[in-house]
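Number 312 in the UniProt record's numbering belongs to position 312 of the sequence shown; there are no gaps in the numbering.
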Amino acid sequence: MPDTDFLIIGAGSAGLACALELAALGRVTVLSKGPLEVSASDWAQGGIAAVLPDGDDSVAQHAADTERAGAGLCEPARVQDILSAAPDAIGRLLRWGVAFDRQGEQWQLTREGGHQTRRVLHRADHTGRAITRALLHCAAADARIHLRPNTLVAALQQDDTRIRGVWLRCGDGPWESLQARAVILATGGLGQVYRHTSNPNIATGDGIALAWRAGAAIRDLEFVQFHPTTLYSPGEPAFLLSEALRGEGAVLRLPNGERFMDQYDARGELAPRDVVSRAIIQEMQQHRLPYVELDIRHAPAQLIVEHFPTITAHCLARGLDPRSNTLPVVPAAHYSCGGISVDAAGRTGLPGLYAIGEVASTGLHGANRLASNSLLECVVTAHEVFQDLAGGPALPDLPRAEGKAPKAMPPLAAGELAQRRQTLQGLLWEKVGILRDQRGMAAALAQLQDWAAETPWPAQQLPNSQADLEWYSLLHSALLITRGAMQRHESRGCHFDQDFPELREPPRHLNQRCDWSQPQTSTAGHTGASAASCAPPDERQP
């Protein structure tokens, strides 16, 4: 028998929600690369967008906002499916103990960029933490769920017919096999590919790289969303200043006090994130500024403190009071709108492998995610996987495949690797960031391919350490982002190519697959690792 029925890699909101549902069907194991409490979901501030009964809002309005932000690449049927499931998703969260803020008997709803109206449920300014901690409490109390923190997954196990499990290790222990009837990737994003990111250190693109190396299709990875407002604090990790601040009236200013967003979009500060981030970068470049300023001083002091306690405390610790000071802000990499291509049940195309949450490309976000749609997607796609596994054909109860664990490869030079990781992050920020051009991307791709040739993915071996494995995850994710961006000869949503500043119609998805049969190459037509290359992206209409 397999070691477990359902193996979930990732302990954010998608992974934990899926675990709580799948526990009704069998044994569940949840793996987390770091402590269980650390995930991108846990860092999410704003809230969860949902159209609830008995209000003036509608799913049609929410869908229109989502598709407008997605710039033609959203899949309308999937948008409708996911947004329509919001009431049931909120109901499950409430049953699991999540407490959203209320105003009397009504939900206290906020408005964020790109939304026509207030439809975002929240828990002050730490909604993600409220959700993940409630889900984690429930999962820890469920005897059917086995939670394994600090567990590194290096590769998927597969035979000729399906994904069978993973190779993993705990701490400095040996690599070991863990097999399951179904594997669900819920590993989150890849923000650590960039020098400036709002993501935790664990967001190194592991799930993308795992799936790609196993042969899954990776779709539209060039669409990396940059959050417009993180606190400018050189030498420290980027701290997010929630979109909800602008929903409550915060405005962007130059240091001389001049507002500028109305020059870029009629919606001003409430334009979608891609528009606001580009505007900030252009103003910074034009005026040679290290940051612009976010101003919410005109809001009632009580509102600032009560609605944004986490932000207020963080700013005060750095000598800034949002009630009386403007806040210096810069954009930072925030969310991967593309990911592993999946169908409406979360299936990847590799039998036995599912993907949910940020690591998946579901068709909801298109070329740019609408604010606060991600937590909703996590809970809904987790339920869709549960429905598929509960109502589909019985999973094969395969005998446990036996075999020796792969050997650990010789370790990469630690000091050199740390420097190279920083160089990669700077390279992506400068050449494949908010504003891109073909020359810069070609230079980035050439460097990435040189690194891929120097540090090939080890055949019949596994990386020696977490640092080594994360290097491969970052490198392979960066290659996929860069090659997709170079192939998309247009500007759409999060992707802005200054050499191709217009939309190309009709819109196209770009899928990339690993082809281990092709030789390594350093030309712009391929990406890869070891004796692998990426088959040329195929284009498909949404």
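Note that beta-carbon positions come from the ideal geometry of N, C-alpha and C, so glycine has one too.
| message | Please classify asparagine 58 as buried or exposed, where buried requires at least 16 other C-beta atoms within 10 Å of its C-beta. | response | Note on residue identity: the sequence assigns serine, not asparagine, to residue 58. Exposed is the call here.
| task | Within its chain, find whatever has a CB closer than 8 Å to the CB of arginine 278; leave out the 5 residues flanking it on each side and keep chain order. | result | Taken in chain order, the residues that qualify are Tyr264, Ile434, Leu435, Phe496.
| Range of the contiguous alpha helix (DSSP H) that encloses arginine 483 | 466 to 487 is the extent of the alpha helix (DSSP H) around arginine 483.
| query | Since aspartate 125 and proline 309 are thought to touch, with beta carbons under 8 Å apart, how far apart are those beta carbons, to the nearest angstrom? | reply | Sure, about 7 Å apart at Cβ, within 8 Å.
| task | Would you tell me roughly how many angstroms separate the C-alpha atoms of serine 13 and threonine 29, rounded to the nearest one? | result | In a straight line, the C-alpha of serine 13 is about 15 Å away from that of threonine 29.
| request: List in chain order: all unbroken alpha helix (DSSP H) runs of 4+ residues lying wholly within the segment 284 to 313. | output: Listed in chain order, they are 301 to 307.
| For cysteine 138 versus alanine 382, is the C-beta spacing smaller than 7 Å? | When the beta-carbon positions are compared, cysteine 138 and alanine 382 stay at least 7 Å from each other.
| field | Opposing strand residues paired with valine 166 [DSSP bridges] | value | The secondary-structure analysis by DSSP pairs valine 166 across a beta bridge with Leu156, Leu178.
| valine 330 lies in the beta strand (DSSP E); which residues open and close that run? | Valine 330 -> beta strand (DSSP E) spans 327 to 336.
| Using DSSP with H/G/I as helix, E/B as strand and the rest coil, what is lysine 431? | Of the three classes helix, strand and coil, the one that applies to lysine 431 here is helix, per DSSP.
| task | Output yes or no for whether 7 Å exceeds the beta carbon distance between glycine 339 and valine 359. | result | Yes, the Cβ-Cβ distance between glycine 339 and valine 359 is below 7 Å.
| task | Can you say whether proline 519 is buried or exposed, counting buried as having 16 or more other CB atoms within 10 angstroms of its CB? | result | Because the pLDDT of proline 519 is 37, which lies under 50, any placement of that residue in the model is unreliable, and the number read from its coordinates should be weighed accordingly. Exposed: under 16 other Cβ atoms inside 10 Å.
| query | How should glutamate 37 be labelled, buried or exposed, when 16 other C-beta atoms within 10 angstroms of its C-beta is the threshold for buried? | reply | Label assigned to glutamate 37: exposed.
| Span of the beta strand (DSSP E) around proline 228 | Where proline 228 is concerned, the enclosing beta strand (DSSP E) stretches over 224 to 231.
| query | What are the start and end residues of the alpha helix (DSSP H) that includes leucine 389? | reply | Annotation: the continuous alpha helix (DSSP H) that includes leucine 389 extends over 374 to 391.
| task | Provide the residue(s) that pair with alanine 442 in DSSP beta bridges, ordered along the chain. | result | Answer is none; alanine 442 lacks a bridge partner.
| query | Cα separation between serine 491 and glutamine 498? | reply | One C-alpha to the other measures close to 8 Å.
| Hey, is the segment 185 to 197 in contact with the segment 330 to 338, meaning 3+ C-beta pairs nearer than 8 Å? | Taking 8 Å as the limit for Cβ pairs, the verdict is that the segment 330 to 338 does touch the segment 185 to 197.
| request: Helix, strand or coil for aspartate 265, going by three-state DSSP, please let me know. | output: Shown here, aspartate 265 sits in coil according to DSSP, grouped into three states, outside any helix or strand.
| query | Among residues of its own chain, excluding the 5 on either side of glycine 440, which ones have a beta-carbon nearer than 8 Å to its beta-carbon? | reply | If we look at glycine 440 and ignore the five residues flanking it on each side, its Cβ neighbours are Glu430, Lys431, Val432.
| request: List the endpoints of the continuous alpha helix (DSSP H) containing threonine 66. | output: Its alpha helix (DSSP H) spans residues 59 to 69.
| Does the beta-carbon of arginine 369 have 16 or more other beta-carbons within 10 angstroms, so that it is buried, or is it exposed? | Taking every protein chain shown into account, the CB of arginine 369 has 16 or more other CB atoms within 10 angstroms, so this residue is buried.
| field | Secondary structure of glycine 207, DSSP reduced to three states | value | DSSP places glycine 207 in helix when its eight states are reduced to three.
| message | Just verifying my parser: in three-state terms, what is the DSSP assignment at glycine 113? | response | Assigned with DSSP and collapsed to three states, glycine 113 falls in coil, not helix or strand.
| request: Check whether the Cβ atoms of glutamate 222 and arginine 488 lie closer than 7 Å to each other. | output: Cβ atoms of glutamate 222 and arginine 488: closer than 7 Å.
| Looking at C-beta atoms only, is the number of pairs between the segment 107 to 121 and the segment 54 to 68 that lie closer than 8 Å three or more? | For the pair of segments examined, the segment 107 to 121 was found to touch the segment 54 to 68: the number of CB pairs separated by less than 8 Å reaches three.
| request: Would you mind working out which of Leu412, Phe239, Thr204, Pro255 sits nearest alanine 317, comparing C-alpha positions? | output: Selected option, being the one with the closest Cα: Phe239.
| query | Got a sec? Which residues, its chain only, sit under 7 Å from threonine 132 by beta carbon, not counting five neighbours each side? | reply | By the criterion of a C-beta distance shorter than 7 Å, threonine 132 is surrounded in its chain by Gly12, Ser13, Leu16, Ser39, Ser41, Asp42, once the five residues flanking it on both sides are discounted.
| task | Mark leucine 94 as exposed unless 16 or more other C-beta atoms lie within 10 angstroms of its C-beta, in which case mark it buried. | result | It counts as exposed.
| request: Have a look at the DSSP bridge pairing and note the partners of leucine 121. | output: Leucine 121 is bridged to Ile48.
| With burial defined as no fewer than 16 other Cβ atoms inside 10 Å of the residue's Cβ, what is the status of glutamate 505: buried or exposed? | Around the C-beta of glutamate 505, fewer than 16 other C-beta atoms lie within 10 Å, and the residue is accordingly described as exposed.
| Any heavy atom of the ligand GTP closer than 6 Å to the CB of lysine 431? | This structure lacks the ligand GTP, and indeed carries no ligand of any kind.
| field | Burial state of glutamate 243, where buried means 16 or more other Cβ atoms lie within 10 Å | value | Counting the other CB atoms within 10 Å of its CB gives glutamate 243 a total of 16 or more, which places it among the buried residues.
| query | What number of angstroms, rounded off, separates the C-alpha of alanine 140 from the C-alpha of leucine 20? | reply | A direct Cα-Cα distance of roughly 10 Å separates alanine 140 from leucine 20.
| task | Give every residue of the same chain whose Cβ lies closer than 7 Å to the Cβ of valine 275, excluding the five residues on either side of it in the sequence, and list them in chain order. | result | Excluding the 5 residues flanking it on each side, valine 275 has same chain C-beta neighbours closer than 7 Å at Tyr264, Asp265, in chain order.
| Within 10 angstroms of its Cβ, does threonine 348 collect 16 or more other Cβ (buried), or is it exposed? | Buried, by the Cβ-count rule.
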